[in-house]
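**Q** In our numbering, the protein residues as written are 1 to 283.
Yeah, the Cβ is synthetic: ideal placement off N, Cα and C, and Gly gets one too.
Bear in mind the structure is a predicted one, so any value in this text is a computation, not a measurement.
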Amino acid sequence: MKKKKSHFEIFREKVKIILYGTNTILGRMFDLVLLGLILLSVLLIMLDTVQGISSKYHYQLLVCEWIITIFFTIEYILRIISIQKPVKYIFSFYGIIDLLAVLPMYLSIFFPGASILSIVRALRFLRLFKILHIPQISHQSVQLKEAIDASKEKILVFIYFVLISTIIIGSIMYLVEGKESGFTSIPMAIYWTIVTLTTVGYGDISPQTPLGQFIAALVMILGYGIIAVPTGIVTAEFAKKSLSNTGGNNTVNSKRTCRKCHSQVHFDHARYCYECGTELPNN
Numbered sequence: 001m002k003k004k005k006s007h008f009e010i011f012r013e014k015v016k017i018i019l020y021g022t023n024t025i026l027g028r029m030f031d032l033v034l035l036g037l038i039l040l041s042v043l044l045i046m047l048d049t050v051q052g053i054s055s056k057y058h059y060q061l062l063v064c065e066w067i068i069t070i071f072f073t074i075e076y077i078l079r080i081i082s083i084q085k086p087v088k089y090i091f092s093f094y095g096i097i098d099l100l101a102v103l104p105m106y107l108s109i110f111f112p113g114a115s116i117l118s119i120v121r122a123l124r125f126l127r128l129f130k131i132l133h134i135p136q137i138s139h140q141s142v143q144l145k146e147a148i149d150a151s152k153e154k155i156l157v158f159i160y161f162v163l164i165s166t167i168i169i170g171s172i173m174y175l176v177e178g179k180e181s182g183f184t185s186i187p188m189a190i191y192w193t194i195v196t197l198t199t200v201g202y203g204d205i206s207p208q209t210p211l212g213q214f215i216a217a218l219v220m221i222l223g224y225g226i227i228a229v230p231t232g233i234v235t236a237e238f239a240k241k242s243l244s245n246t247g248g249n250n251t252v253n254s255k256r257t258c259r260k261c262h263s264q265v266h267f268d269h270a271r272y273c274y275e276c277g278t279e280l281p282n283n
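1) Would you call the CB atoms of G182 and I205 closer than 8 Å?
2) If you draw a straight line from the alpha carbon of N282 to that of F238, how long is it in whole angstroms?
3) Beta carbon of A122, beta carbon of V33: below 8 Å?
4) Would you give the residue range spanned by the alpha helix (DSSP H) that L280 belongs to?
5) For P210, which option in F110, E177, L35 has the closest C-alpha, if you only look at C-alpha atoms?
6) So V200 is in the alpha helix (DSSP H); what residue range does that whole segment cover?
7) Over the uninterrupted alpha helix (DSSP H) stretch that includes T24, give me the two end residues.
8) For S254 and G277, what's the separation of their Cα atoms in angstroms?
9) Grab the span of the alpha helix (DSSP H) containing T184 for me, first residue to last.
10) Which stretch, first to last residue, makes up the alpha helix (DSSP H) that contains S55?
11) Report all residues from its chain with a CB closer than 8 Å to the CB of H58; omit the five preceding and five following residues, and keep chain order.
12) Does the region 148 to 162 come close enough to the region 96 to 103 that 3 or more CB-CB pairs lie under 8 Å?
13) Around the C-beta of I159, are 16 or more other C-beta atoms found within 10 angstroms, so that it is buried, or is it exposed?
14) Nearest-angstrom Cα distance between G248 and R259?
15) Taking the beta carbon of S55 as the centre, do at least 16 other beta carbons fall within 10 Å, making it buried, or is it exposed?
16) Quick check: S82 and L19, are their CB atoms within less than 8 Å of each other?
17) Quickly, what does DSSP pair Y272 with across the bridge? List them, please.
18) For I194 and I172, I'd like the C-alpha separation in whole angstroms.
19) If I119 and I68 are in contact, beta carbons under 8 Å, what's the gap, nearest whole angstrom?
20) Under the three-state reduction of DSSP, which class applies to G95: helix, strand or coil?
21) Looking only at its chain, what residues have a beta carbon closer than 8 Å to the beta carbon of Q286, apart from the 5 residues adjacent to it on each side?
22) Per DSSP, what kind of secondary structure is T257 in: helix, strand or coil?
23) Could you check which residue in T199, Y174, G201, T198 has the C-alpha nearest to that of M188?
24) Could you compute how far the alpha carbon of K16 sits from the alpha carbon of R79?
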């Protein structure tokens with residue numbers, strides 16, 4: 001005899017459908033409302049930093065922010081109790097973001113000003129990709145993630161080289177320019193090197209001697225290469241992943257669209273959809 005479900009189990013199932021069911025009507029409606037509240041919350045936080053608006057409507061903005069925070073808190077708790085493995089959600093990427101979205105307002109009770117950190121709620125807009133559920137976007141995001149994972153060792157080695165270079169260049173500039181030009185210490189000279197390498201150039205410290213200006217010119221030119229190298233590494237890996245996933249063939253075939261999920265991303269010779277497994281039409 002089948003065991004009858006308790007009221008709590010029925011409640012958990014209904015909540016799970018709403019919170020995690022991006023393919024259901026209620027789930028999509030909730031996600032759209034959630035995105036609207038996230039956008040409203042971010043706007044409220046930004047408006048509260050505008051002097052003229054904050055002086056007149058600070059209390060009203062604070063009340064609205066607390067209402068949204070309580071809503072997000074209830075949502076976070078319901079997400080935990082509605083799934084079988086709550087620990088997996090808590091320590092997942094989205095789980096950590098959801099927690100960070102509610103913590104700042106509660107911390108502001110003890111640390112005034114911490115509510116500004118609620119701006120991290122903007123990260124919750126990443127859920128938009130899950131809500132839209134566009135196969136092409138999902139496919140490309142997976143390839144990009146794989147390319148970044150494959151590039152991280154090379155990028156770490158490159159960053160290590162850049163850090164060593166900034167220390168050496170900063171020390172040389174400290175010797176060449178000295179305190180008279182604003183290079184009061186090696187850490188200050190390293191700060192100037194980093195700012196110059198990133199092509200920002202605040203202008204608060206600048207070399208005065210011909211040799212220092214020559215070194216600065218070389219550092220500026222080197223800065224363009226520093227920006228281009230990590231981009232090139234990731235791009236190369238992305239292209240490599242794309243070729244390996246397609247076997248050298250074009251994955252996008254607009255003449256063969258899946259009847260179920262409408263995906264157009266699959267191998268030319270594929271019989272089944274790459275996204276959902278449905279049999280593809282012959283033409």
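**A** On the basis of the data shown:
1) Within the sequence shown, the letter at position 182 stands for residue 182. Within the sequence shown, the letter at position 205 stands for residue 205. For G182 and I205, yes; Cβs fall inside 8 Å.
2) Indexing the sequence shown from 1 puts residue 282 at position 282. Indexing the sequence shown from 1 puts residue 238 at position 238. Straight-line Cα distance between these residues: approximately 30 Å.
3) The residue labelled residue 122 in the question sits at position 122 within the sequence shown. The residue labelled residue 33 in the question sits at position 33 within the sequence shown. No, the pair does not count as a contact, with Cβ atoms beyond the cut-off.
4) Counting from 1 along the sequence shown, the entry for residue 280 is found at position 280. Unbroken run through L280: none, as it is neither H nor E.
5) Reading the sequence shown from its first residue, position 210 is the one you call residue 210. Among F110, E177, L35, the Cα nearest to that of P210 belongs to E177.
6) Locating residue 200 in the sequence shown gives position 200, counting from the first residue. Per DSSP, V200 belongs to no alpha helix (DSSP H) and is neither H nor E.
7) Position 24 of the sequence shown, counting from 1, holds the residue named residue 24. Segment: none, T24 is in no alpha helix (DSSP H) and carries neither H nor E.
8) Sequence index remark: in the sequence shown, residue 254 carries index 254 (1-based). Sequence index remark: in the sequence shown, residue 277 carries index 277 (1-based). Residue placement at S254 is poorly supported in this model, since its pLDDT is 49, which falls under 50; the coordinates are not used for a value here.
9) Within the sequence shown, the letter at position 184 stands for residue 184. Note, T184: premise wrong, no alpha helix (DSSP H); not H, not E.
10) Taking the sequence shown and counting its residues from 1, the one referred to as residue 55 is at position 55. Note, S55: alpha helix (DSSP H), 51 to 81.
11) Taking the first residue of the sequence shown as 1, we reach residue 58 at position 58. Result list for H58: D48, in chain order.
12) Judged by Cβ distances under 8 Å, the region 96 to 103 makes no contact with the region 148 to 162, as fewer than three pairs qualify.
13) Taking the sequence shown and counting its residues from 1, the one referred to as residue 159 is at position 159. It is exposed - the Cβ of I159 has fewer than 16 other Cβ atoms within 10 Å.
14) As a working mapping, residue 248 is identified with position 248 in the sequence shown. As a working mapping, residue 259 is identified with position 259 in the sequence shown. Because the pLDDT at G248 is just 47, under 50, the model does not fix this residue reliably, and the value given afterwards should be weighed accordingly. Each residue's Cα considered, the two are about 25 Å apart.
15) As a position in the sequence shown, residue 55 is number 55, starting the count at 1. Exposed.
16) Within the sequence shown, the letter at position 82 stands for residue 82. Within the sequence shown, the letter at position 19 stands for residue 19. Contact flag set, yes.
17) Mapped onto the sequence shown, residue 272 falls at position 272. Its beta-bridge partners are E279.
18) Position 194 of the sequence shown, counting from 1, holds the residue named residue 194. Position 172 of the sequence shown, counting from 1, holds the residue named residue 172. Approximately 14 Å, taken between the alpha carbons.
19) Position 119 of the sequence shown, counting from 1, holds the residue named residue 119. Position 68 of the sequence shown, counting from 1, holds the residue named residue 68. Incorrect: roughly 13 Å between the Cβ atoms, too far for contact.
20) Stepping through the sequence shown from its first residue, residue 95 is reached at position 95. Looking at G95 - three-state DSSP - the assignment turns out to be helix.
21) The question about residue 286 has no answer here: the residues shown for the chain are numbered 1 through 283.
22) As a first step, residue 257 is located in the sequence shown; it is residue number 257 there, counting from the start. Three-state result, T257: coil.
23) Numbered from its first residue, the sequence shown carries residue 188 at position 188. Considering only alpha carbons, the answer is Y174.
24) Taking the first residue of the sequence shown as position 1, residue 16 is located at position 16. Taking the first residue of the sequence shown as position 1, residue 79 is located at position 79. Straight-line Cα distance between these residues: approximately 7 Å.
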